[in-house]
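The structure appears right after this line, and notes come after that.
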Amino acid sequence: MIAVFETYDTAFVGVPGCLATGVLRSFYGLEHGAAFDRDAFGGNIHRYYRQLAAPYVTAQEPPDLDGLAGFWCFTILRNPIQRLLGVHADRVLRHRDIAKCFNRPGFREEHEGALDGLSSMPDIDAFFRDLPRYRALVPAIRHHTDPFARFLGPDPGRFDAVYHVEDVARLLLGLSERVGQPVAFDTTRPAASSVRFSALSVQAQDQIIAQTEADFALLSDHYSLEHSLHAMQAA
Numbered sequence: 090m091i092a093v094f095e096t097y098d099t100a101f102v103g104v105p106g107c108l109a110t111g112v113l114r115s116f117y118g119l120e121h122g123a124a125f126d127r128d129a130f131g132g133n134i135h136r137y138y139r140q141l142a143a144p145y146v147t148a149q150e151p152p153d154l155d156g157l158a159g160f161w162c163f164t165i166l167r168n169p170i171q172r173l174l175g176v177h178a179d180r181v182l183r184h185r186d187i188a189k190c191f192n193r194p195g196f197r198e199e200h201e202g203a204l205d206g207l208s209s210m211p212d213i214d215a216f217f218r219d220l221p222r223y224r225a226l227v228p229a230i231r232h233h234t235d236p237f238a239r240f241l242g243p244d245p246g247r248f249d250a251v252y253h254v255e256d257v258a259r260l261l262l263g264l265s266e267r268v269g270q271p272v273a274f275d276t277t278r279p280a281a282s283s284v285r286f287s288a289l290s291v292q293a294q295d296q297i298i299a300q301t302e303a304d305f306a307l308l309s310d311h312y313s314l315e316h317s318l319h320a321m322q323a324a
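Taking our numbering as reference, the numbering of the sequence shown is continuous, increasing by one, and the terminal residue is 324.
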C-alpha cells in the first residue's frame with residue numbers, strides 16, 4: 090500500500106499489521122486539519138490514499154518505488170511472527186473477516202467440501218493450524234498474512250528510512266522532524282495476541298514459522314527467526 094503526502098514531499102509504503110492505518114490517519118489530519126470522514130468520501134482511508142498515489146506509480150503491491158523518486162519514502166516493519174499473531178486478534182475476532190466471508194450468500198455452496206472442519210470464528214490455535222486453508226478461502230486473511238515482500242518489494246534498503254513498530258518513539262521523532270511539527274497516532278500499537286507463541290500447538294507453530302521464513306530472510310538486517318523463537322519460548 091502506497092500513500093503520497095504531497096504537502097511534505099513524503100511517501101509511505103505500508104504493510105498490513107505494521108501501523109499503516111495509524112500513519113494514514115495521522116498524516117491526513119496534518120494535511121487537512123480534520124479527521125478523515127469515511128462516509129463523506131465513500132470509502133476507507135486506504136482507498137483514499139490509493140487513489141492519490143495512482144498518478145505516481147504503476148503498481149502498489151509490490152511497490153513501484155521508481156515512481157516515488159521525488160519523495161522521501163519510508164516504511165515500518167514489525168517482527169514477522171508478532172505481525173502474524175496479531176492477525177487473529179484484529180482480523181478474525183475484531184473485524185470478523187472469516188465469518189463475513191463464510192456467511193456471504195452462496196459461499197458455502199461454492200466451496201462445498203473445502204470448509205470441512207473449519208470454524209468461521211476459530212480460536213487462535215485452530216486458526217494457525219489451518220492457516221493455508223484460511224488464506225486460500227478468505228481474501229482479507231490472505232492480504233493481511235501475505236509476506237512482507239509483496240508490500241515492500243525485494244529490498245528494504247531502497248527506502249530512505251525504515252522504522253520499527255517496536256520502537257514507536259524513534260518513529261514519531263523521525264516523522265515529526267520530517268514534517269516540522271509533532272506527529273502522534275491514535276494508537277501506538279497494532280493488534281497483539283494475548284496468547285504466547287510458546288503456548289500454541291506444535292502444528293500451529295510450524296505453520297507460523299513456514300509462513301514467516303521468507304519474511305525473516307528479507308528482513309535479516311532487522312529481525313532474526315532464531316532470536317525471535319528463543320525469546321518467545323523463554324517468555
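Think of the CB as a built atom: it goes at the ideal place given N, C-alpha and C, for glycine as much as any other residue.
With fewer than 16 neighbouring CB atoms inside 10 Å of its own CB, Arg259 falls in the exposed class. Taking all protein chains in view, the Cβ of Phe130 is surrounded by fewer than 16 other Cβ atoms within 10 Å, so the residue is classified as exposed. Membership of His121 in any beta strand (DSSP E) is not indicated; the residue belongs instead to the alpha helix (DSSP H) covering 109–121. Sixteen is the threshold: since fewer than 16 other Cβ atoms of the shown chains lie within 10 Å of the Cβ of His319, the residue is exposed. For His253, there is no enclosing alpha helix (DSSP H); the enclosing beta strand (DSSP E) covers residues 250–253. Here Ser265 has Pro271, Val272 as same chain residues with Cβ atoms under 8 Å from its own Cβ, once five neighbours each way along the sequence are excluded.
The beta carbon of Gly263 sits closer than 8 Å to the beta carbons of Phe163, Ala250, Tyr252 from its chain, once the five residues preceding and following it are set aside; these are given in chain order. Between Arg197 and Leu207 a beta carbon distance of about 11 Å is seen, past the 8 Å cut, so the two are scored as non-contacting. Classified as buried, Asp186 has 16 or more neighbouring CB atoms from the shown chains inside 10 Å of its CB.
Apart from sequence neighbours up to five positions away, the residues of its chain that approach Val176 with a beta-carbon distance below 6 Å are His233, Thr234, ordered along the chain.
Assignment of Thr147 by DSSP, reduced to helix, strand and coil, places it in the coil class. Using a 10 angstroms sphere on the CB of Ala158, the tally of other CB atoms stays under 16, which defines it as exposed.
Scanning the region 128–201 for uninterrupted beta strand (DSSP E) segments of 3 residues or longer gives 161–166, listed from N- to C-terminal end. Pro221 is the residue among Gly111, Pro221, Asn192, Asp304 whose C-alpha sits nearest the C-alpha of Ala293. When rounded, the separation of the alpha-carbon atoms in Gln149 and Ile230 is 19 Å.
Here the alpha carbons of Arg183 and Phe191 stand approximately 16 Å from one another. Listed in chain order, the non-local C-beta contacts of Gln322 below 7 Å within the same chain comprise Ser287, local neighbours out to five positions each way being set aside. Here the alpha carbons of Leu308 and Phe237 stand approximately 9 Å from one another.
Counting the other CB atoms within 10 Å of its CB gives Val227 a total of 16 or more, which places it among the buried residues.
Ranking Arg172, Leu108, Arg247 by CA distance to the CA of Trp161 puts Arg247 first. With a threshold of 16 other beta carbon atoms within 10 Å, Asp98 falls short and is exposed. Phe94 is bridged by DSSP to Thr99. Ranked by how close their Cα comes to the Cα of Pro243, the residues Arg139, Phe216, Ile298, Phe305 have Phe305 in first place. Considering only Ala92, Val104, Gly111, the residue with the shortest C-alpha distance to Leu261 is Gly111. Assignment of Ser283 by DSSP, reduced to helix, strand and coil, places it in the coil class.
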